Amino acid sequence: MSVFDQDTRIVDVSTLVRLYRGMVRIRRAEERILELLLQNRLSSTMCHVSIGQEAVAVGVCDVLRPEDYVTSTHRGHGHFLARGGAMSALMAELMGRETGACRGRGSSMHLVDASIGHLGSNAIVGGHIPIATGAALWSSLTGQSRVAVSFFGDGATTEGIFHEAVNFAAVRGLPVVFVIENNHYAMSLPWERATAQPSVARKAEGYGIIGVDVDGQDVLAVREAADQAVSRARRGEGPTLLGVETYRFLGHSRGDPSTYRDREEEQRWHARDPLLLEKIRLSAAGVAGDVTESLEREIEAEIVAAMEFAEAGPIASVDEVFSDIYATPLGGDQ
Amino acid sequence: MSVFDQDTRIVDVSTLVRLYRGMVRIRRAEERILELLLQNRLSSTMCHVSIGQEAVAVGVCDVLRPEDYVTSTHRGHGHFLARGGAMSALMAELMGRETGACRGRGSSMHLVDASIGHLGSNAIVGGHIPIATGAALWSSLTGQSRVAVSFFGDGATTEGIFHEAVNFAAVRGLPVVFVIENNHYAMSLPWERATAQPSVARKAEGYGIIGVDVDGQDVLAVREAADQAVSRARRGEGPTLLGVETYRFLGHSRGDPSTYRDREEEQRWHARDPLLLEKIRLSAAGVAGDVTESLEREIEAEIVAAMEFAEAGPIASVDEVFSDIYATPLGGDQ
Amino acid sequence: MTGTLSSARTVSFRDALREALHEEMEADESVILLGEDVGRYGGAYAVSRGLLERFGERRVIDTPMSEALIVGAALGAAMVGARPVAEIMYMDFVTLAMDNLVNQAAKVHYMFGGQFNAPLVVRVQQGTGRGAGSQHSQSLEGWFAHVPGLKVVAPSTPADAKGLLKAAIRDNDPVLFIEHKGLYPRKGAAAEVDHVVPLGVADVKRTGTDVTIVTWSNHVHIALEAAERLSADGVSVEVVDMRCLAPLDMTTVLDSAGSTRRVLVLHEACRTGGLGAEIAATVGEQLFGELAAPVRRLTAPDVVLPAHTELERTLIPDVEDVVLAVRDLLSS
Amino acid sequence: MTGTLSSARTVSFRDALREALHEEMEADESVILLGEDVGRYGGAYAVSRGLLERFGERRVIDTPMSEALIVGAALGAAMVGARPVAEIMYMDFVTLAMDNLVNQAAKVHYMFGGQFNAPLVVRVQQGTGRGAGSQHSQSLEGWFAHVPGLKVVAPSTPADAKGLLKAAIRDNDPVLFIEHKGLYPRKGAAAEVDHVVPLGVADVKRTGTDVTIVTWSNHVHIALEAAERLSADGVSVEVVDMRCLAPLDMTTVLDSAGSTRRVLVLHEACRTGGLGAEIAATVGEQLFGELAAPVRRLTAPDVVLPAHTELERTLIPDVEDVVLAVRDLLSS
Ligand SMILES: Cc1ncc(C[n+]2csc(CCOP(=O)(O)OP(=O)(O)O)c2C)c(N)n1
Ligand SMILES: Cc1ncc(C[n+]2csc(CCOP(=O)(O)OP(=O)(O)O)c2C)c(N)n1
Ligand SMILES: [Mg+2]
Ligand SMILES: [Mg+2]
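Chains as they are written, first to last, in the numbering used here: chain A, 1 to 334; chain B, 1001 to 1334; chain C, 2001 to 2332; chain D, 3001 to 3332.
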């Protein structure tokens, strides 16, 4: 059975459920992570959650192939999970275990999984954009059809490296999709004080490439736009700037009461919670409540198992703290 | 008497002569500098001439006021002279004299004159763009109507700092004019391999500001576009990207035979030598040959005097080489 | 040193910095702040909290995320009359503004034959303590002490922080002003409005006769604690707080080293190529034959910093490590 | 060292580098070049001339002027299978790619728990000799030796240049490969295709018994000339060419210093915070009480470099300066 969506997008119900499930999985994981943070059970003090923005990670990753690449940000739990990262590797990493995604050395801002083409999240805003671009360059040079996706925030678009990478990708027609996860704030700076050109589509014209402004609370809209962008890239038709409009429901990080935001503005966005919107769509498509309840239960079980896995893992070892500084250690004195 | 130009620009003959004179002055100075270079009489090996591009510096600087600011590039003799820099300070600087613009420490790539708001040319491509932007910021914060002009090449537009500076100027509406002196090559890289969006006007849209593409061989066209941009800035209407299309007639620097360029392309541009075009306009306006001959003589005399001044100046002194590392030396050990 | 310390009043390092900014902004219209989140947010580490409300948007400027532009525009403004104090949120992000700081600000005065000054301050926060990971914890002061034309400051106490920040703002050269993230809440004697600490002068924070510890920033406190512990055993430690890392006040170091004849250089940056090497090399050279023991360096090892509070802690010299190193020096 | 030197054939430093690139590109499809003007122009210093014609646009990539992107994209490509050799035209411009090199490339392997390698080489040219001025002449190798995870190479001869570049390309870590602008035309024995010089191993370029000079890059030749002059007066100088600046082969340095008991560290970078400090500090510490004289450093002073060939020359240690410094060491 397939659903004829109000925006004329045709998807089948299993897709709707899969997308919903993906978003709930991120939401529940991050709710748990926030608890751990408040209980001081994380190994680092740095932690940023993406609650409210789940549709971006899920909508985009849904159209990727296993061989594609992803790079991500300081707010990257969602990208990691949506791309197929293991809940257990995430939890173990956050709790500083040897069994974590980076052996406990990366924590929240440096998630990675080579086996699924996740080239790492990055704590330097914009720092990973050229990495995705370089991966796309190699894909293009070697005649592969692998696509690289770089997720980053509105804040990253004002960093010089954004410009250098987008320009390079444009002039060489590289298979990369730049996903601007525009939650309208870079810490306290509102988007309208970051740029005089709020439209990402218009920004793209400045690079001679295609740009799209998308509703980031509607996971189907994100998925559709991503699908077109990724397909273009895969066909060798070059990069896309995908401007996805969303909102972070919480502060920038722990201890940020978001005093720079308007409560009324927050309310408006909360009303467009991507999980809520998708749930309404599920009901409209006749998906019964027990389906969503059972996926909640599965996810809860996954998280509990992941936490058990994490806690059972050895704390990242002091004895190992010097290993891997070099991939090829040398005869020198260090 | 005034001339009704073919493009409906009305200027008087004295302006036509002044602009022509400004361009001839740069041309003759750089021809002499090339001779000095070949004779190994310059104190540095780094030297880039702007022959073929004179209309840009002259057209833009003609509309500036004494209190305005300018920053410039490695190819900056023309900007220095057009802004009102002394021929003698230029020659003395190139010949490494204490009497030069920078006391002989800057040479060709670091010309400067605080007394005329020339904040310096810069050997880092793009490195001075934020300096002009910062000067414009201070002008704006203090309610002055001083305008800052930053001259830079097509190559600089792909550096991240270009993006950061233009974006900042745009979002704050700063009184700065970004003059992209597009000679179609950054060393060997042609413009069409530097960007997928060749129009500077379109690039400006990406920043939400006004951009203009101008014929850079026509000094009146440059002057007109600059006048509008500078006036907008002075009225508090924000920055402009001025894309000025021009060509360097010689190689990037000494020893560059420009093998990456097409001889036919070179010919086409040589036919549009800005001095030639302006001379034709002068004849059409009835300016007699003896006017141009006499200005050639004056300029020759100015250059000869400047060289005498330079050679009479003391070579930058080794004893002074440690002075001015700090503006405020301290009690420390260095 | 000029000015007075308050005997009654105690402030945090963070508040002392804010006092300095506040007072200098009051005194001089040309002092402005700019950086990411310095205004409405009050600074990532809350140093500039309240200053936007007090001085308005004309003087406290929230910039887009553009580190190179922040430093570059501060320089441009400085060249034409402003005294900007730019904030870069973490030292690690200064990597994005190296051209602006190193090729431009540090060189403007010299390369333009003295025609322009660059009176700007770049405030930056660095160091470990929060398990913030390899891209938010580096101590890179050594790089900047290697750049002629820059001044580099790294205070350890609220009073020095205030007095040095005031001096930095009044100075006509570019100053990189380094704050350690662990220092912000630390309390100490407050300094009054007239307290200005000259740049380029080290401070003996504790006098002693057996061993000299040369250090700066957060590690001054670790050294002082170790000295306290050692004094219980009759070991007398002198602690030299460099405070200013460029120019380096080697006179004070050599005076102290000459009298104790044993020197430990202590810092949080990794060992190889750190500024400790400069100090150790100079002491070793200048006091050749006069020392009772080799100059030792106690530093972080040459390791990428893990985002793991516990692992991180094991890598940074602590009080115990300093005590052991001093004992070792004494036994040689 | 593996491989053979040719006794008959002589090549320039520039040509030796080109041979290394050529041979490695022949041997391994994943080796690519990228940078500004590396293709049609053949490189600003003509190192890659002819390689575009030989290997085509797929493997020799002229990039826009975007230094951060060049290093960042090289890293991205390296993480997924390429072995990129990026060129940054002048060391001074590496300031624009510091995040990419220092926060990213150097940390990828460690911070991601070993999941990714970063087998990229960043070739860069530095130094004085052309009166190129304060923004085109800096020697900044000391910064990079202070960054765990990076390897840094600075060869002095054509054979080392070739052998080390080949090793750097084959290495799985990011390598900053520093070429001195004065070295390109210098001739020396050619190395054959199998000549690979391992990273991390210093080389004694001349043996001697009275004084050890520790140096690298262009100053190796200045040291050798001085040694030759001094030998006429019966002074026997050993010249240690570090070749690799990270990791530092202190074993070779200490062996030499232990036997001569007099050490001069010589480099072109300015003095304070230069890598010479690290070497001097380590020698001073390890050989405390065993040296006949303090470890001396002979370097450029802490000055901004003027764009003036003659002034510049007076600032950089030359053969005469080295001879004087060695005599001074011997007399103490
Ligand atoms: C280069 C750099 N500058 C500053 C920071 C500090 N910082 C971390 S996240 C952030 C805001 C980022 O905004 P955005 O890119 O919109 O992402 P969001 O946090 O909204 O997801 C800032 C200023 C950083 N990590 N890196
Ligand atoms: C940041 C930086 N990268 C590279 C260079 C080397 N370089 C000097 S000029 C130049 C080309 C500049 O092109 P463009 O900006 O178009 O100016 P033009 O030379 O054409 O006037 C290059 C690559 C430099 N000086 N600075
Ligand atoms: Mg944001
Ligand atoms: Mg050009």
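Here a beta-carbon is modelled for each residue, glycine too, at the ideal position from N, C-alpha and C. Nothing here was measured: the structure is a model prediction, and the numbers come from that model.
Counting only Cβ pairs nearer than 9 Å, list the residues of chain D close to R342 of chain A.
In the structure as shown, chain A begins at 1 and stops at 334. Residue 342 of chain A is therefore absent and cannot be evaluated.
Rounded to whole angstroms, what's the CA-CA distance from V166 of chain A to S1253 of chain B? Just pull it up for me.
The alpha-carbon atoms of V166 of chain A and S1253 of chain B are separated by roughly 30 Å.
Let me know the secondary structure DSSP gives D319 of chain A once reduced to three states.
Three-state result, D319 of chain A: helix.
Out of A:V58, A:R105, A:L64, which one is the CA nearest neighbour of G78 of chain A?
Minimum Cα distance to G78 of chain A is reached at A:V58.
For G1155 of chain B, report the span of its alpha helix (DSSP H) as first-last.
That residue, G1155 of chain B, is in no alpha helix (DSSP H); it is neither H nor E in DSSP.
Considering only heavy atoms of ligand 2, does any lie closer than 6 Å to the CB of N1167 of chain B?
Because no heavy atom of ligand 2 lies under 6 Å away, the Cβ of N1167 of chain B does not count as near it: no.
Can you tell me whether P175 of chain A is helix, strand or coil according to DSSP?
Reduced to three states, the DSSP call for P175 of chain A is coil.
Which residues bound the beta strand (DSSP E) around D1072 of chain B?
A small correction: the amino acid at residue 1072 of chain B is Ser; Asp does not occupy that position in the sequence shown. Start and end: 1069 to 1072.
For ligand 2, is there any heavy atom lying closer than 6 Å to the beta carbon of G1255 of chain B?
No.
Can you determine whether any heavy atom of ligand 2 sits closer than 6 Å to the C-beta of A1156 of chain B, and answer yes or no?
Yes, the beta carbon of A1156 of chain B sits closer than 6 Å to at least one heavy atom of ligand 2.
According to DSSP, is G332 of chain A helix, strand or coil?
Because the pLDDT at G332 of chain A is just 41, under 50, the model does not fix this residue reliably, and the value given afterwards should be weighed accordingly. Coil at G332 of chain A, not helix or strand.
Would you report the Cα separation of A3106 of chain D and D3092 of chain D, rounded to the nearest angstrom?
Going from the Cα of A3106 of chain D to the Cα of D3092 of chain D covers about 19 Å.
Looking at the structure shown, is D3062 of chain D part of a helix, part of a strand, or coil, going by DSSP?
It is a strand residue.
Could you run through the segment 3281 to 3303 of chain D and flag, in chain order, every residue whose CB is less than 9 Å away from some CB of chain C?
Cβ contacts with chain C: A3281, T3282, V3283, G3284, E3285, Q3286, L3287, F3288, G3289, L3291, A3293, P3294, V3295, R3296, R3297, P3301, D3302, V3303.
Which ranges would you report for the alpha helix (DSSP H) in the segment 28 to 66 of chain A if only whole runs of at least 4 residues count?
Taking only runs of at least 4 residues, the alpha helix (DSSP H) segments lying wholly in the segment 28 to 66 of chain A are 54 to 61.
Just reading off the beta strand (DSSP E) that V3266 of chain D is part of, what are its end residues?
The sequence given here places Leu at residue 3266 of chain D; Val does not occur at that position. Its beta strand (DSSP E) spans residues 3263 to 3270.
Any heavy atom of ligand 1 within a distance shorter than 6 Å of the CB on I51 of chain A?
Incorrect: I51 of chain A has no Cβ contact closer than 6 Å to ligand 1.
Check the C-beta distance from P3246 of chain D over to L3150 of chain D and give it rounded, since I have them as a contact under 8 Å.
Contrary to the premise, residue 3246 of chain D reads as Ala rather than Pro in this sequence. At roughly 6 Å, the Cβ-Cβ gap stays under 8 Å, so A3246 of chain D and L3150 of chain D are in contact.
Is any non-hydrogen atom of ligand 1 found closer than 6 Å to the C-beta of A3097 of chain D, if you look at the structure I gave you?
No, ligand 1 has no heavy atom inside 6 Å of this Cβ.
By alpha-carbon positions, which one of C:M2111, C:L2324, C:L2254, C:C2270 ends up nearest to L3311 of chain D?
Comparing Cα positions, the closest option is C:M2111.
Where does the unbroken beta strand (DSSP E) through V11 of chain A begin, and where does it stop?
Unbroken beta strand (DSSP E) run through V11 of chain A: 10 to 12.
From which residue to which residue does the beta strand (DSSP E) around H252 of chain A run?
Premise fails: H252 of chain A is in no beta strand (DSSP E) and is neither H nor E.
Return the chain-ordered list of same chain residues with a C-beta closer than 6 Å to the C-beta of R2009 of chain C, the five sequence neighbours on each side being excluded.
Once the five neighbours on either side are set aside, the close Cβ partners of R2009 of chain C are A2190.
Counting along the chain, where does the alpha helix (DSSP H) carrying H2221 of chain C start and finish?
Element bounds for H2221 of chain C: 2219 to 2232.
Compare the C-beta of Y3110 of chain D against all C-beta atoms of chain B and say whether one is closer than 7 Å.
No, because no Cβ of chain B sits closer than 7 Å to the Cβ of Y3110 of chain D.
Alpha carbon to alpha carbon, what distance is there between T133 of chain A and L19 of chain A?
Roughly 27 Å between the two C-alpha positions.
Evaluate R2243 of chain C with the Cβ neighbour count: other Cβ atoms within 10 Å of its Cβ, from every protein chain shown; 16 or more gives buried, anything less gives exposed.
The residue is buried, with at least 16 neighbouring Cβ atoms inside 10 Å.
With 7 Å as the C-beta to C-beta threshold (strictly closer), list the residues of the segment 2048 to 2075 of chain C near chain A in chain order.
Going along the segment 2048 to 2075 of chain C in chain order, one finds D2062, P2064, M2065, S2066, A2068 with a Cβ nearer than 7 Å to chain A.
Would you report the Cα separation of Q334 of chain A and L3248 of chain D, rounded to the nearest angstrom?
With a pLDDT of 36 at Q334 of chain A, under the threshold of 50, the modelled position of that residue is not reliable, and the figure given next carries that caveat. Distance between the alpha carbons of Q334 of chain A and L3248 of chain D is about 8 Å.
Which residue spans inside the segment 69 to 151 of chain A form an unbroken alpha helix (DSSP H) run of at least 4?
You should have 77 to 82, 87 to 94, 129 to 141.
Cβ-heavy atom distance between G78 of chain A and ligand 3 below 6 Å?
Every heavy atom of ligand 3 is 6 Å or more from the Cβ of G78 of chain A, so no.
Does DSSP put D5 of chain A in a helix, in a strand, or in coil?
The predicted position of D5 of chain A is uncertain, since its pLDDT is 48 and thus under 50; a value taken from the coordinates is nonetheless stated next. If DSSP states are grouped into helix, strand and coil, D5 of chain A belongs with coil.
Could you tell me whether any Cβ in chain D is nearer than 7 Å to the Cβ of E67 of chain A?
Cβ-Cβ to chain D under 7 Å: no for E67 of chain A.
How about the segment 2154 to 2164 of chain C and the segment 2114 to 2122 of chain C: do they share at least three Cβ pairs that are nearer than 8 Å?
Segments in contact, no.
Would A1310 of chain B and M1087 of chain B qualify as a contact pair, given that the criterion is a beta-carbon distance under 7 Å?
Not in contact: A1310 of chain B and M1087 of chain B (Cβ atoms no closer than 7 Å).
Is it the case that the segment 16 to 33 of chain A contacts the segment 286 to 300 of chain A, given that we only count it when at least three CB pairs across the two stretches are under 8 Å?
The answer is yes - the segment 16 to 33 of chain A touches the segment 286 to 300 of chain A, with three or more Cβ pairs under 8 Å.
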